[in-house]
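S.K.: If you read the sequences in order, they're chains R and U. Those letters in the first sequence? Residues 1 to 382, per this note's numbering, in order. Those letters in the second sequence? Residues 1001 to 1382, per this note's numbering, in order. Idealized CB from N, CA, C, for every residue including glycine. Being a predicted model, the structure only gives us computed values, none of them experimental.
Protein chains: 2
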Amino acid sequence: MLRVCNHPMRLGILGGGQLGRMLALAGYPLGMRAMVLDPAPEPCAAQVCEHRLGEFDDYRALYDLARSCDVVTYEFENVPVESARWLADRVPVFPPPRALEVAQDRLVEKRFLQELGVPVPPFAAVDNRPQLDSALREIGLPAVLKTRRFGYDGKGQQVLNSAADVEPAWTTLGGRPLILEAFVPFDREVSLIAVRGRDGSTVFYALTENQHCQGMLFQSRAPLTDTAEELTERAQEYTTRVLDALDYVGVLAIEWFQDGGQLLVNEMAPRVHNSGHWTIEGAVTSQFENHVRAVFGLPLGSSKVCGYVGLINLIGSHPPLPAMLAVPTARVHTYGKVPRPRRKIGHVTFVAATAEEREANMTAWLDRFPPEADGSRQEPQP
Amino acid sequence: MLRVCNHPMRLGILGGGQLGRMLALAGYPLGMRAMVLDPAPEPCAAQVCEHRLGEFDDYRALYDLARSCDVVTYEFENVPVESARWLADRVPVFPPPRALEVAQDRLVEKRFLQELGVPVPPFAAVDNRPQLDSALREIGLPAVLKTRRFGYDGKGQQVLNSAADVEPAWTTLGGRPLILEAFVPFDREVSLIAVRGRDGSTVFYALTENQHCQGMLFQSRAPLTDTAEELTERAQEYTTRVLDALDYVGVLAIEWFQDGGQLLVNEMAPRVHNSGHWTIEGAVTSQFENHVRAVFGLPLGSSKVCGYVGLINLIGSHPPLPAMLAVPTARVHTYGKVPRPRRKIGHVTFVAATAEEREANMTAWLDRFPPEADGSRQEPQP
């Protein structure tokens, strides 16, 4: 029961969080079964599929995954590249481990993009205090000092607005490999989610506008209702360079700073992405289904958007389930995670016939369930 | 892992087929976990949730279900009523066992509907050979002789067109409690799927047109594009009588013969229904999600239809997965079942902006993948 062995389409997933959970759920209607590898005893994906308890560098666990699965993928980018490579010698691993390697180091990623002619904000490597000073002279202020590795949801970042911010930022982050990036002016943040199949065929989802709160994605909207076409083409063209350079397979998400007609990469994620959760109800084929289609070498599904779609993350805690389900326009997704401040524990999707209706629905939700200033909520979980 | 214990919303399901499977999948985003009770060692729902192996009258198994779950429901109507009643003394059971009792005996069902003033075809009980002759005199020909219990997908039925058909039908079916029903003329078969919450609130899905093949549902379409409004109101009014009389909770499906403006009940099913599978993509809230919302006492979701929707069942076998997924308009659902003639092993949904587009999509699918005359297909499963 719920064992993946002897099943024709077995998907191994490194990581057992909500992304792994939603990948497993998307695979079931296609006849797939998933096994997640995760060091946590009760990762939320383990509620919906098989779980192999183990660290990502536990080669016995990796061996079990390789032996039990037909394809292996990952749901977050901080898996050791060596583990992905070791697996790739034994079982097909998609996206390619090289994508993991590029995406998990901000400096490697920026240099890689720069070589492809994909615009990125000015940046400089910072490995010690003198390098920080020279980087500041080169980049100027404002700037953002970031760890090169293991940053997510705004963690491992310090904004430098004035010279007075430099020393505290160094105290917090110094001693690890860092990168200083110019704090570029931008109108908004957008993301493009692409899927590339094993045969090189590619589909793109609608360019999505994202609003962050304290470094965490809070709201997304698609499609853009202004100046979208030219911008979309540009984003698709840049993204195609990345996909082709990596001989990529699966979902790739790229977050951009948009300043007028200009796009600069903020970061890329070689996996399904929070800003694409709206595709479950808002697109003909979800990013999750298209990712599993891609890694199994199956034809990709249509990424067409079904109206005007909005997404609100449930962060820290969520209102009681009956209250959420009483909102007729809301499509509620909880992840089975224990509420904790600054933790993504669910999301809500709104699909409307017009952009105005979408805004009205999202506003009504936020009026009814205002998020706390710290990103959590007062209400207890039901 | 994948155990339902200690989880706040645990759903027990009597039966582990595709309906239980899709109920379990619908419950996950709401934070539920399901456990199916099924006597088969590998029912297809066991691929996606916990499975308690046991007969439906195995009281140790029923006890485990009652102890492990907060609510118990069923995915097919041939569960022993005594088991449902025994469970209902220990844990909330929805729909109410009385609904099961009514629906699992064609004679009891017809008498129940008749008392409510809900029109049914003329019928008569047939317990022995002399009763068959008097029933034939009363009902006339053509007529259908059916077993009162355990019939599904056209099994346990014999059509009597002429006097010559009577003896062979009796040879096949005689010795069991039977019912003779008039073979009523009808334009088409339609079904109405209703959901009633614990608080009595009710939503209806769009009236659905069904085409059967050899007694099995083959195609469904919603909404009706002709004369629908008055007919819909009539069907909703009759269905409300049934829901109220049973103090019903959950999804109830009623199949009707439509003859002009007249509706006669063919049969009712106290569960999610094949003719409502289109609601997964074709309605704001699927019948599966609304059923779990209802039985847990949660607010019901919108049943609004999202365009013009069609459903084609995959019976016996299905085309290779890559071929099916290459059809951009098809939303493919496989059930993880072993192909076998006359077995429902999946379905495909089409959602279109117009009725014409829906027809074109369905026709293209059937042209590409013509079903065999016996309801199975030539192509091997991939």
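What number of angstroms, rounded off, separates the C-alpha of Ala1206(U) from the C-alpha of Ile179(R)?
M.R.: If I take the Cα positions, the gap works out to 57 Å.
S.K.: Where do the N-terminal and C-terminal ends of the beta strand (DSSP E) with Phe112(R) fall, by residue?
M.R.: Taken as a continuous stretch (DSSP letters only), Phe112(R) belongs to no beta strand (DSSP E), being part of the alpha helix (DSSP H) at Arg106 to Glu115.
S.K.: What residues from the segment 1058-1071 of chain U come within 9 Å of chain R, judged by C-beta to C-beta, listed N to C?
M.R.: none
S.K.: Do you know how far the Cα of Arg10(R) is from the Cα of Val93(R)?
M.R.: 12 Å
S.K.: With 8 Å as the threshold, decide whether the Cβ of Ala1352(U) is near any Cβ in chain R.
M.R.: no
S.K.: Which term fits Asn6(R), buried or exposed, when burial requires 16 or more other beta carbons within 10 angstroms of its beta carbon?
M.R.: Here Asn6(R) scores only 41 on pLDDT, less than 50, and its place in the model is too uncertain to base an answer on.
S.K.: Is the beta carbon of Pro1095(U) sitting closer than 8 Å to the one on Arg1085(U)?
M.R.: no
S.K.: Taking the alpha carbon of Thr363(R) as the point to measure from, which residue in Gly346(R), Gly27(R), Ala235(R) and Gln219(R) has its own alpha carbon closest?
M.R.: Gln219(R)
S.K.: Given a cut-off of 8 Å, decide if Glu281(R) and Val351(R) are closer than it, judged by their beta-carbon atoms.
M.R.: yes
S.K.: Answer with yes or no whether the minimum CB distance from Leu973(U) to chain R is below 8 Å.
M.R.: Outside the displayed range of chain U (1001 to 1382) lies residue 973(U), so it cannot be described from this structure.
S.K.: Please confirm whether Tyr1028(U) has its beta-carbon closer than 8 Å to some beta-carbon of chain R.
M.R.: yes
S.K.: Can you pull the chain U neighbours of Ala384(R), defined as C-beta to C-beta under 8 Å?
M.R.: Since the first residue shown for chain R is 1 and the last is 382, residue 384(R) is missing from the structure and cannot be characterised.
S.K.: Buried or exposed: Phe123(R), going by 16 or more other Cβ atoms within 10 Å of its Cβ?
M.R.: buried
S.K.: Express the C-alpha separation of Leu1116(U) and Ile13(R) in angstroms, rounding to a whole number.
M.R.: 54 Å
S.K.: Evaluate contact between the segment 354-368 of chain R and the segment 298-315 of chain R, counting only Cβ atoms and requiring at least three cross-stretch pairs below 8 Å.
M.R.: With the cut-off at 8 Å, the segment 354-368 of chain R and the segment 298-315 of chain R touch.
S.K.: Give, in chain order, every residue of the segment 328-346 of chain R whose Cβ lies closer than 7 Å to some Cβ of chain U.
M.R.: Pro328, Val332, His333, Thr334 and Gly336
S.K.: Helix, strand or coil for Ala286(R) per DSSP?
M.R.: Checking the sequence shown, residue 286(R) turns out to be Ser, not Ala. Looking at Ser286(R) - three-state DSSP - the assignment turns out to be coil, as it is neither helix nor strand.
S.K.: Tell me the DSSP bridge mates of Ser191(R)?
M.R.: Thr208(R) and Glu255(R)
S.K.: Measuring only the C-alpha atoms, how far is Val190(R) from Leu1252(U)?
M.R.: One C-alpha to the other measures close to 44 Å.
S.K.: When you compare the segment 1285-1302 of chain U with the segment 1340-1349 of chain U, are there three or more beta-carbon pairs, one atom per stretch, that lie closer than 8 Å?
M.R.: no
S.K.: List, in chain order, every chain R residue whose beta-carbon is nearer than 7 Å to that of Val1272(U).
M.R.: Correct list: empty, because the minimum Cβ distance to chain R is about 15 Å.
S.K.: At least one CB of chain R closer than 8 Å to the CB of Leu1325(U): is that the case?
M.R.: yes
S.K.: Pick out the complete alpha helix (DSSP H) segments inside the segment 1289-1333 of chain U, 4 residues or longer, and give them in chain order.
M.R.: 1321-1325
S.K.: Is Leu2(R) helix, strand or coil by DSSP?
M.R.: Unreliable placement is indicated for Leu2(R), whose pLDDT of 38 sits below 50; no coordinate value is reported for it.
S.K.: Give the residues of chain U in contact with Val48(R), contact being defined as C-beta atoms less than 7 Å apart.
M.R.: Tyr1028
S.K.: Where do the ends of the beta strand (DSSP E) carrying Gly1346(U) lie?
M.R.: Lys1344 to Ala1352
S.K.: Measuring only from the beta carbon, is Gly156(R) closer than 7 Å to any heavy atom that is part of the ligand FAD?
M.R.: Although the ligand FAD was asked about, the structure shown includes no ligands whatsoever.
S.K.: Is the shortest distance between the beta-carbon of Arg377(R) and the beta-carbons of chain U less than 8 Å?
M.R.: Annotation note: pLDDT 49 at Arg377(R) (below 50); position unreliable, coordinate value reported separately. No, its Cβ sits nowhere closer than 8 Å to a Cβ of chain U.
S.K.: State buried or exposed for Val1120(U), treating a residue as buried only when at least 16 other CB atoms are found within 10 Å of its CB.
M.R.: buried
S.K.: So, does the CB of Leu160(R) fall closer than 8 Å to a CB anywhere in chain U?
M.R.: no
S.K.: Would you say Pro1322(U) faces chain R, with C-beta separation under 8 Å as the test?
M.R.: yes
S.K.: According to DSSP, is Leu217(R) part of a helix, a strand, or is it coil?
M.R.: strand
S.K.: Compare the C-beta of Gly301(R) against all C-beta atoms of chain U and say whether one is closer than 8 Å.
M.R.: Against chain U, the CB of Gly301(R) has a partner CB under 8 Å away; the residue lies at that interface.
S.K.: Any idea what DSSP makes of Val1036(U), helix, strand or coil?
M.R.: strand
S.K.: Can a CB atom of chain R be found closer than 8 Å to the CB of Leu1264(U)?
M.R.: The beta carbon of Leu1264(U) sits no closer than 8 Å to any beta carbon of chain R.
S.K.: Output needed for Gly1016(U): all residues of its chain with C-beta closer than 8 Å, excluding positions within five of it in sequence on either side, in chain order.
M.R.: Within the same chain, Cβ atoms closer than 8 Å to the Cβ of Gly1016(U) are found at Val1036, Leu1037, Asp1038, Ala1040, Pro1043, Cys1044, Ala1045, Ala1046, His1051 and Glu1075, the five residues on either side in sequence being excluded.
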